[in-house]
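So the structure is just underneath, and the comments pick up after that.
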Amino acid sequence: MVRDHRNSKIVVLAAGISALALTLTACGSSTDNADSTTTASDAPADQEVVDGVPATLVGMHIEGAEGGAWAAAPFGALRMWDNGTAWSQIELAKGEFKWGNIDGLIENTASKGMTDIMMVLGTTPEWAAKEINDSDYPQPGAASAPANMADWDDWVTAVVDRYSDSFTSYQIWNEANLKDFFNGTPAEMADMTKRAYDIIKAKNPEALVVAPSPSTRLTASFSRFYPAYLEELGKLNWPVDVFAIHTYPKADGDPVARGVLIESAQQVLAASGAPDLPLWDTELNYGLAGPGDLPKQEIVGAEAAGFVVRTYIDDLRYGIDRSYWYIWSLGAYDLIGVQA
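Take the sequence shown: its letters are residues 4 to 343, numbered as in the numbering used here.
Below you can see the structure in the form of structure tokens.
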């Protein structure tokens with residue numbers, strides 16, 4: 004069962020204070036703060052802002068972090084995604100690595116005092132893919148399971164050997180229930196999880212292994228993939244330290260709609276017999292275009308600030324240990340509603 008903190012009045016109170024302190028200026032408008040993306044926060048990245056509520060409650064994605072960009076809003080954890088750091092973007096041929104983007108990001112985080120960094124291990128390079136489709140993200144073949152799992156083992160080993168002192172957590176895959184991100188089977192994803200877990204723990208026992216994050220907004224896709232993945236993971240004795248979800252509501256959804264998605268995911272975890280592990284929301288925003296023809300909703304000003312504050316109050320209420328906002332961007336971003 005996933006931990007449930009909803010009955011703790013102290014935690015809820017701390018959440019409100021922490022959310023106000025951390026996030027009121029984080030994502031309030033679409034373009035007003037566009038020039039601030041390369042400015043570091045004055046607060047140390049690992050500082051606890053309120054006793055008992057760690058700064059890691061507030062996670063972030065940063066466009067261009069590999070090139071020196073940074074968020075002006077305070078946050079305590081960084082997830083590497085859409086920074087050109089995926090397997091398919093690094094190992095361009097077997098054994099030939101283009102480490103520049105990861106090295107640049109590590110240098111940037113070190114200069115900003117950021118010590119909590121998550122590396123997303125997927126996606127598959129075309130040369131290693133079992134199935135190649137033009138719709139795969141971020142390039143053809145990326146959504147495939149590896150044709151030879153030894154290639155996956157070698158990749159994970161190379162990353163951990165090179166960056167063991169830099170990454171505090173490793174996430175197996177992004178949105179593995181969506182075909183554009185993963186078109187393999189739940190059993191294949193569970194196998195990849197176990198393989199990565201064993202490699203990471205042998206080399207860096209303190210690092211956290213984070214399960215793939217399913218997107219919860221497409222309920223049919225979520226229901227088809229996630230329970231089956233958990234069933235397969237249970238057969239392997241649950242080789243993860245953290246469960247993860249993505250809780251973008253529909254384009255017209257609000258934090259209340261997000262709460263429904265959280266509860267749904269928690270129910271699936273409970274039904275699967277999952278162990279009592281932290282649950283992270285490794286990607287979220289509001290107003291995201293879709294599903295279907297629903298257009299993006301622009302959420303600005305006081306409404307945007309309210310959404311952000313409510314998000315982190317809800318995190319403590321529902322037992323979400325941290326959430327990573329997507330994305331502190333270098334300019335206007337077409338798909339999402341709350342922007343900095």
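Virtual Cβ for every residue (Gly too), placed ideally from N, Cα, C. Computed from a prediction, not measured in an experiment: that's the story for all the values here.
According to the neighbour-count rule (16 or more other Cβ atoms, all chains shown, within 10 Å of its Cβ), is E94 buried or exposed?
buried
Roughly how many whole angstroms lie between the Cα atoms of E99 and L124?
16 angstroms
Tell me whether Q174 sits in a helix, a strand or coil according to DSSP, three-state version.
strand
By a C-beta neighbour count over all protein chains shown, 10 Å radius and 16 as the cutoff for buried, is A335 buried or exposed?
exposed
Quick one: any contact between the stretch 205 to 215 and the stretch 238 to 246, if contact means 3 or more CB pairs under 8 angstroms?
yes
Return the CA-CA distance between V341 and G309, expressed in angstroms with no decimal places.
11 angstroms
Looking at the structure shown, is D157 part of a helix, part of a strand, or coil, going by DSSP?
helix
Mind checking whether T118 and W90 have CB atoms under 8 angstroms apart?
no
Residues in the same chain with beta-carbon distance under 6 angstroms from I109, minus the five sequence neighbours each way, listed in chain order, please.
S169
May I ask you to verify whether the stretch 269 to 282 touches the stretch 317 to 326, counting CB pairs closer than 8 angstroms and requiring at least 3?
yes
Can you tell me which of the three DSSP states I65 falls into?
strand
Which term fits P208, buried or exposed, when burial requires 16 or more other beta carbons within 10 angstroms of its beta carbon?
exposed
Do I120 and T112 count as a contact pair if the criterion is CB distance below 8 angstroms?
yes
By a C-beta neighbour count over all protein chains shown, 10 Å radius and 16 as the cutoff for buried, is R227 buried or exposed?
exposed
The alpha helix (DSSP H) that contains M195, what's its start and end?
P189 to K206
Between A199 and Y229, which are expected to be in contact by the criterion C-beta below 8 angstroms, what is the C-beta distance as a whole number of angstroms?
Their Cβ separation, rounded to whole angstroms, is 18 angstroms, which puts A199 and Y229 out of contact at 8 angstroms.
Roughly how far, in whole angstroms, is the beta-carbon of L291 from the beta-carbon of L338, given that I think they are within contact range, below 8 angstroms?
6 angstroms
Per-residue DSSP class, three states only, for A96
strand
Go through its chain and collect everything with a Cβ distance to D154's Cβ below 6 angstroms, but skip five positions before and after it.
A131
How far does the alpha helix (DSSP H) with F225 in it reach, from first residue to last?
T222 to K238
Exposed or buried, which one is V56 when buried takes at least 16 other CB atoms within 10 Å?
buried
Leaving aside the five residues before and after S275 along the sequence, list all residues of the same chain whose C-beta is less than 7 angstroms from its C-beta, in chain order.
P230, L233, E234 and G237
Residue(s) in a DSSP beta bridge with R325
W283
So, T383 versus T219, is the Cβ gap smaller than 8 angstroms?
The requested residue 383 does not occur in the structure, where the chain is confined to residues 4 to 343.
Whole angstroms are fine: how far does the CA of G103 sit from the CA of G67?
13 angstroms
Pick out whichever of E178, V61, L333 and W331 has its Cα sitting closest to the Cα of I248.
E178
Buried or exposed, going by whether 16 or more other CB atoms sit within 10 Å of the CB of G79?
buried
Cα-Cα, which of D156, A343 and R325 is closest to A307?
A343
Which of the three DSSP states is assigned to T246 in this structure?
According to the sequence provided, residue 246 is Phe. The question's Thr does not apply to it. Strand, per DSSP.
Just verifying my parser: in three-state terms, what is the DSSP assignment at S216?
strand
Could you tell me whether the Cβ atoms of K133 and P149 are closer together than 8 angstroms?
yes
How would you write the range of the alpha helix (DSSP H) that L272 sits in, first residue to last?
P258 to S275
Alpha helix (DSSP H) segment containing I109, residue limits
G103 to K115
Under 7 angstroms from any heavy atom of the ligand SAM, does the C-beta of K197 make it?
What this structure holds is no ligand at all, so the ligand SAM is not there to describe.
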